[in-house]
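Residue 304 in the working numbering is what sits at position 185 of the sequence shown, and the numbering runs on without skipping anything. Idealized CB from N, CA, C, for every residue including glycine. Down below is the structure, laid out as structure tokens.
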Amino acid sequence: FPVTIAICKKTYRVKLGTWPCITLEEARRRALDWLYRHREQWNEGRLCTASATATAPAITPQTASVATPASNTPDTCFADALALYCQHKAIKPNTLRSYQDAFRFQLASLNKLPVSSLTGKAVNQLYQKLLATLKPATASLQIRVLKAVYRFWYAYNDQVAPDVFNALKAIGNKQASAIRTRYLTEHDLQALGRQWDKLTDTEQDFLAIGLCTGFRLSIVTGK
Numbered sequence: 120f121p122v123t124i125a126i127c128k129k130t131y132r133v134k135l136g137t138w139p140c141i142t143l144e145e146a147r148r149r150a151l152d153w154l155y156r157h158r159e160q161w162n163e164g165r166l167c168t169a170s171a172t173a174t175a176p177a178i179t180p181q182t183a184s185v186a187t188p189a190s191n192t193p194d195t196c197f198a199d200a201l202a203l204y205c206q207h208k209a210i211k212p213n214t215l216r217s218y219q220d221a222f223r224f225q226l227a228s229l230n231k232l233p234v235s236s237l238t239g240k241a242v243n244q245l246y247q248k249l250l251a252t253l254k255p256a257t258a259s260l261q262i263r264v265l266k267a268v269y270r271f272w273y274a275y276n277d278q279v280a281p282d283v284f285n286a287l288k289a290i291g292n293k294q295a296s297a298i299r300t301r302y303l304t305e306h307d308l309q310a311l312g313r314q315w316d317k318l319t320d321t322e323q324d325f326l327a328i329g330l331c332t333g334f335r336l337s338i339v340t341g342k
């Protein structure tokens, strides 16, 4: 969804996303959000988060000269908070897709919920639901994504985020992921030494590269 807009007689072309990753309604919301941010004469530099039905605010002498700061954290949904997170954080493309996919699939039920409505009980219930279909390591990754967006939104609005994620440890429901052995034991090294002379020069070279670099066997052998 590319959009072209003229601001102060200067043309801007912005890519809002790719269908079907985002819907037409989401593209419209992002377009309004971007427009509100860059037309400074509309909002005097203040953040205006667009909604799906947002319209441009009218300019009056009173609103143009007086900017009323928000006293409370805006009641913004997680979908909007994620869009802001991706816009302001310097994250790599793969990480960006990972965060977006998390909220498209495993965390999709939270998209329309306000960030401020998240509670420790809800986090615990979500984690148990994730464990029903995912490995502990993958489930914990989804919680970390949610935690990053949650904390970012509060920090973005100069607020202290309630620690709703501490409930997992306090209740004792958080499961540790199974850690694979990533090193050779003393017994393995001794067994390898006894068989070393039976290897060809090429096999010894490949094995030495693997031992010194920590590469996987598939990387060393190309299989």
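Which term fits A221, buried or exposed, when burial requires 16 or more other beta carbons within 10 angstroms of its beta carbon? Here the question's residue 221 lines up with position 102 in the sequence shown. With 16 or more other Cβ atoms from the protein chains shown falling within 10 Å of its own Cβ, A221 counts as buried.
Which value, in whole angstroms, describes the spacing of the CA atoms of F334 and E322? Counting from 1 along the sequence shown, the entry for residue 334 is found at position 215. Counting from 1 along the sequence shown, the entry for residue 322 is found at position 203. Cα atoms of F334 and E322: separation of roughly 15 angstroms, rounded to the nearest angstrom.
Taking just the CA atoms, how far does F271 sit from R132? Along the sequence shown, one-based indexing puts residue 132 at 13. Along the sequence shown, one-based indexing puts residue 271 at 152. Answer to the nearest angstrom: the Cα atoms are 27 angstroms apart.
Rounded to whole angstroms, what is the Cα-Cα separation between Y302 and I328? Within the sequence shown, the letter at position 183 stands for residue 302. Within the sequence shown, the letter at position 209 stands for residue 328. Those two C-alpha atoms are separated by around 14 angstroms.
Provide the residue span of the alpha helix (DSSP H) that contains S259, from first to last. The sequence position of residue 259 within the sequence shown is 140, counting from 1. First-last of the alpha helix (DSSP H) with S259: 255-275.
Simplified DSSP state of T130, which is helix, strand or coil: Translated into positions along the sequence shown, residue 130 becomes position 11. In the structure shown, T130 sits in a strand (DSSP, three-state: E or B).
Pull up the CB-CB distance for P233 and T195, whole angstroms please, since I reckon it's below 8 angstroms. Indexing the sequence shown from 1 puts residue 233 at position 114. Indexing the sequence shown from 1 puts residue 195 at position 76. Contact between P233 and T195 holds, since their C-beta atoms are separated by about 7 angstroms, short of 8 angstroms.
In whole angstroms, what is the alpha-carbon distance linking F325 and Y275? For this step, residue 325 is matched to residue 206 along the sequence shown. For this step, residue 275 is matched to residue 156 along the sequence shown. Approximately 50 angstroms between the Cα atoms of the pair.
What's the gap between the Cα of V283 and the Cα of L237? Start at 1 with the first residue of the sequence shown, and residue 283 comes out as number 164. Start at 1 with the first residue of the sequence shown, and residue 237 comes out as number 118. Rounded to the nearest angstrom, the two C-alpha atoms are 7 angstroms apart.
Starting from S228, trace the alpha helix (DSSP H) in both directions and tell me its first and last residue. Here residue 228 is taken as the residue at index 109 of the sequence shown, counted from 1. The continuous stretches of alpha helix (DSSP H) do not include S228, and DSSP gives it neither H nor E.
Determine the burial state of E163: buried for a count of at least 16 other Cβ atoms within 10 Å of its Cβ, exposed for fewer. In the sequence shown, counting from the first residue as 1, residue 163 sits at position 44. Because E163 sits at a pLDDT of 46, beneath the cut-off of 50, its placement in the model cannot be relied upon, and the following sentence gives the value as read from the coordinates. Here E163 is exposed: its Cβ has fewer than 16 other Cβ atoms, across all protein chains shown, within 10 Å.
For C196: DSSP bridge partner residues: Sequence index remark: in the sequence shown, residue 196 carries index 77 (1-based). Beta-bridge pairing links C196 to P233.
Relative to the C-alpha of Y204, which candidate in D320, Q314, V268, G312 has its C-alpha closest? For the purposes of this step, residue 204 is identified with residue 85 of the sequence shown, where counting begins at 1. Among D320, Q314, V268, G312, the Cα nearest to that of Y204 belongs to V268.
Near A173, what residues of its chain come up, given a Cβ to Cβ distance below 7 angstroms and the 5 sequence neighbours on each side ignored? Within the sequence shown, the letter at position 54 stands for residue 173. Reliability fails at A173, whose pLDDT of 40 lies under 50, so the model's placement of it is uncertain and the value that follows must be treated cautiously. Exclusion of the five residues before and after A173 leaves L151 as the residues of its chain whose Cβ lies within less than 7 angstroms of its Cβ.
With I265 and L226 assumed to form a contact (beta carbons below 8 angstroms), what rounded beta-carbon distance in angstroms separates them? Reading the sequence shown from its first residue, position 146 is the one you call residue 265. Reading the sequence shown from its first residue, position 107 is the one you call residue 226. This sequence places Leu at residue 265; Ile is not what is there. About 6 angstroms separates the two Cβ atoms, so the contact holds.
Using C-beta distances below 7 angstroms, list every residue in its chain close to L330, excluding the 5 sequence neighbours before and after it, in chain order. Start at 1 with the first residue of the sequence shown, and residue 330 comes out as number 211. Same-chain partners within the cutoff: there are none.
Would A286 and G239 be called neighbours here (beta carbons separated by less than 8 angstroms)? Your numbering for residue 286 matches position 167 in the sequence shown. Your numbering for residue 239 matches position 120 in the sequence shown. Taking 8 angstroms as the Cβ cut-off, A286 and G239 qualify as a contacting pair.
Which value, in whole angstroms, describes the spacing of the CA atoms of D307 and A202? The sequence position of residue 307 within the sequence shown is 188, counting from 1. The sequence position of residue 202 within the sequence shown is 83, counting from 1. Distance between the alpha carbons of D307 and A202 is about 49 angstroms.
Q206 versus T257 - alpha carbon distance: Against the sequence shown, residue 206 aligns to sequence position 87. Against the sequence shown, residue 257 aligns to sequence position 138. Looking at the two C-alpha atoms, the distance is approximately 25 angstroms.
For T142, which residues from the same chain have a beta carbon less than 6 angstroms from its beta carbon, with the 5 sequence-adjacent residues on both sides left out? Here residue 142 refers to the residue found at position 23 when the sequence shown is read from its first residue. Non-local C-beta neighbours of T142 in its own chain, meaning closer than 6 angstroms and more than five positions away in sequence, are absent.
Below 8 angstroms on the Cβ atoms is my contact criterion, and I expect Q261 with L249 to pass it. Report the Cβ-Cβ distance as a whole number of Å. Position 142 of the sequence shown, counted from the start, is the residue given in the question as residue 261. Position 130 of the sequence shown, counted from the start, is the residue given in the question as residue 249. That belief holds up - the Cβ atoms of Q261 and L249 are roughly 6 angstroms apart, short of 8 angstroms.
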